[in-house]
Amino acid sequence: MSHVRLLQLLHLADSALPIGATAHSFGLETLAENGELSPEQLIHFVRGYLEEGGSLEALYCRRARRLLTSAECASSTVSRDAWLALNRQLSARKTARESRAASSTLGTRLLRLVIDLEPEVGLLPLLQASEQTGTEVHYAVAFGAAGGALQLQAYDTVLALLRQTVAGMLAACQKLLPLGQSWAGRIQWQIQEAIVAAATKSETPGDDHEPDAFSMLLEVGSMRHPYLPVRLFIS
């Protein structure tokens, strides 16, 4: 990877990226409020998420990355159809409406941001196809598409997605739990092997394989989130 590409990847995976990721907890707020998540449990919780939900997101990120290898590929009818299919499949895998809506909001904003930054990479037809058909654009799929359009390596793109996801979860938990920066940083450091394992799990020989993803506690937390009396996060 060139130095410029590396910097672009780091930019996309920056928690300060202006797409609104800090406004979402994806159900973590409910779990913290109900006493179902504590700082002592957090590293095990994140590791379990990476084994299932994280691996699923990584797979769809990788599939989207394969679609976008050039502007010509991005603008083809086949690529647009495959792009819509990927997003629809991931929508079907997200049980909780709240998490599904949050993923779609962030995905659309990420795609628009990359189009604004790099209008020549061929992502605009995909955004237009999604808008014309009313198809949700999910964050993992948009991240993979951006990685492909910018010619970033697939494995690096997936690693960046997973690392950013974990960083977002820990940042949310710092607002919800008695979790200091040092503790959160230690968890981020210790979870690196689990991130690599989830990224590796997404390297499958064919598209027929779907990783197991059963995150019932997190999904139920997302569904119950709108009913909390006081909320810090949108989801």
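Its first residue numbered 123, the sequence shown is counted upward by one per residue in the numbering used here.
C-beta atoms are modelled at their ideal positions from N, C-alpha and C, and glycine is treated no differently.
The structure displayed is predicted, hence computed values, not measured ones.
Would you call the segment 281 to 290 in contact with the segment 238 to 254, where contact means no fewer than 3 C-beta pairs closer than 8 Å?
no
Exposed or buried, which one is Phe-148 when buried takes at least 16 other CB atoms within 10 Å?
As a working mapping, residue 148 is identified with position 26 in the sequence shown. Phe-148 should be labelled buried.
Is Phe-148 helix, strand or coil by DSSP?
As a working note, residue 148 is residue 26 in the sequence shown. Here Phe-148 sits in coil by DSSP.
Out of Glu-315, Leu-249 and Ala-218, point me to the one whose CA is closest to Arg-346's CA.
Sequence index remark: in the sequence shown, residue 346 carries index 224 (1-based). For the residues Glu-315, Leu-249 and Ala-218, the minimum Cα distance to Arg-346 belongs to Ala-218.
Own chain residues within Cβ distance below 7 Å of Ile-141, not counting five before or after
Within the sequence shown, numbered from 1, the residue matching residue 141 stands at position 19. Here the set comprises Leu-228, Arg-231, Leu-232 and Leu-235.
Gly-302 burial status per 10 Å Cβ neighbour count (16 or more: buried)
Sequence index remark: in the sequence shown, residue 302 carries index 180 (1-based). With fewer than 16 other Cβ atoms within 10 Å, it is exposed.
Measuring only the C-alpha atoms, how far is Ala-268 from Leu-350?
Counting from 1 along the sequence shown, the entry for residue 268 is found at position 146. Counting from 1 along the sequence shown, the entry for residue 350 is found at position 228. So the two alpha carbons sit approximately 35 Å from each other.
Could you give the first and the last residue of the continuous alpha helix (DSSP H) run that contains Glu-252?
Taking the first residue of the sequence shown as 1, we reach residue 252 at position 130. A quick correction: the sequence has Ser, not Glu, at residue 252. It spans 246 to 255 - the alpha helix (DSSP H) in which Ser-252 sits, taken as one unbroken run.
Give the single residue among Thr-152, Ile-237 and Gln-211 whose Cα lies nearest to the Cα of Thr-257.
Position 135 of the sequence shown, counted from the start, is the residue given in the question as residue 257. That would be Gln-211, whose Cα lies nearest to the Cα of Thr-257.
Beta-carbon spacing of Arg-285, Ala-135 below 8 Å
Locating residue 285 in the sequence shown gives position 163, counting from the first residue. Locating residue 135 in the sequence shown gives position 13, counting from the first residue. Annotated as proximal: Arg-285 and Ala-135, with beta-carbon spacing under 8 Å.
Using the three-state DSSP reduction, which class does Ala-268 fall into: helix, strand or coil?
Taking the sequence shown and counting its residues from 1, the one referred to as residue 268 is at position 146. Residue state, collapsed to three classes: helix.
Taking DSSP as the reference, what is the three-state secondary structure of Asp-278?
As a working note, residue 278 is residue 156 in the sequence shown. Helix, per DSSP.
Pick from Ala-154, Leu-164, Leu-159 and Ala-143 that is closest to Gly-307, judged by C-alpha positions
If you number the sequence shown from 1, residue 307 lands on position 185. Out of Ala-154, Leu-164, Leu-159 and Ala-143, Leu-164 has the C-alpha closest to the C-alpha of Gly-307.
Leaving out five residues before and five after Gln-296 in sequence, what residues of the same chain have Cβ atoms less than 8 Å from its Cβ?
Along the sequence shown, read from residue 1 onward, the residue named residue 296 stands at position 174. Taking Gln-296 as the centre and dropping the five residues before and after it, the same chain places the C-beta of Gly-302, Gln-303 and Ala-306 closer than 8 Å to its C-beta, in chain order.
Could you pull out every residue in the same chain whose Cβ sits closer than 8 Å to the Cβ of Ile-313, ignoring the five residues on either side in sequence?
As a working mapping, residue 313 is identified with position 191 in the sequence shown. Counting only Cβ-Cβ distances below 8 Å, and skipping sequence neighbours, we find Ile-165, Val-168, Arg-169, Leu-172 and Val-288.
Extent of the continuous alpha helix (DSSP H) run through Glu-220
Numbered from 1 along the sequence shown, position 98 holds the residue referred to as residue 220. Per DSSP, Glu-220 belongs to the alpha helix (DSSP H) from 219 to 239.
DSSP-derived helix/strand/coil call for Ile-141:
Mapped onto the sequence shown, residue 141 falls at position 19. Ile-141 falls in the coil class under three-state DSSP.
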